[in-house]
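Asks: One structure is given below, represented as structure tokens, and several questions about it will come after.
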Amino acid sequence: MKIAVGSDHVGFEMKAIIIEYLKTLGHSPVDFGTHSVESTDYPVYGRKVATEVAGGNFPLGILICGTGVGISIVANKVQGIRSVVCSEPYSAKLSRMHNDTNILAFGARVVGFELAKMIVLEWVNAQFEGEERHQRRVDMITINPKGD
Ligand code: RB5
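Start counting the sequence shown at 10; every next residue gets the next number (our numbering).
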């Protein structure tokens, strides 16, 4: 699977590890930056990856910052994105099964490398169950121009 990956400077090292891990799982990650530990702004990378996923170029995206919070907030501002911040694998898996999340975010200052890999594995391997009640609820998330 093609997976868009992005981080700020805090997530830079973690991003490299996750990209290599995704390759060992047979996926094709694409790195949307940042490309160094020089201080930068997480909204840039959150928006880049979210736009790629929302535009249909990638089915899934992974975002990393210090906590995962800021970069996930940015992603969720892009129409069509359902981003989840996770620091354990159970929520990551269920977020795909029930909420059809298309972006996973986590914090490089919150989880260690091995836990991050477990979170990624469960999230990437899970599938939206697609049952009527879950689809209905996901549809209800979608904002229409009237805001209801
Ligand atoms: C950067 O210091 C930090 O604020 C950022 O990585 C992230 O945690 C924001 O939510």
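Ideal Cβ positions, reconstructed from N, Cα and C, are used throughout, including at glycine.
Short check: CB of Val129 to CB of Ala114, under 8 angstroms?
Replies: With respect to the 8 angstroms criterion, Val129 and Ala114 are not classified as neighbours on the basis of their beta carbons.
Asks: Can you list, in chain order, the residues of its chain with a C-beta nearer than 6 angstroms to that of Arg56? Leave out the 5 residues immediately preceding and following it.
Replies: Val83
Asks: For the 8 angstroms Cβ check, are there 3 or more pairs between the segment 43-53 and the segment 64-71?
Replies: no
Asks: Quick one: grab the DSSP three-state call for Pro38.
Replies: Assignment of Pro38 by DSSP, reduced to helix, strand and coil, places it in the strand class.
Asks: Taking 8 angstroms as the threshold (C-beta atoms), are Val62 and Ile27 in contact?
Replies: Contact flag unset, no.
Asks: Do Ser16 and Lys24 have their C-beta atoms closer together than 8 angstroms?
Replies: yes
Asks: Helix or strand or just coil, what does DSSP make of Val93?
Replies: strand
Asks: Jot down the residue ranges of each uninterrupted beta strand (DSSP E) in the segment 51-103, minimum 3 residues, whole runs only, in chain order.
Replies: 69-74 and 92-94
Asks: DSSP three-state label for Val19, please.
Replies: coil
Asks: Along the beta strand (DSSP E) that carries Ala114, what are the first and last residues, could you check?
Replies: Ile112 to Gly116
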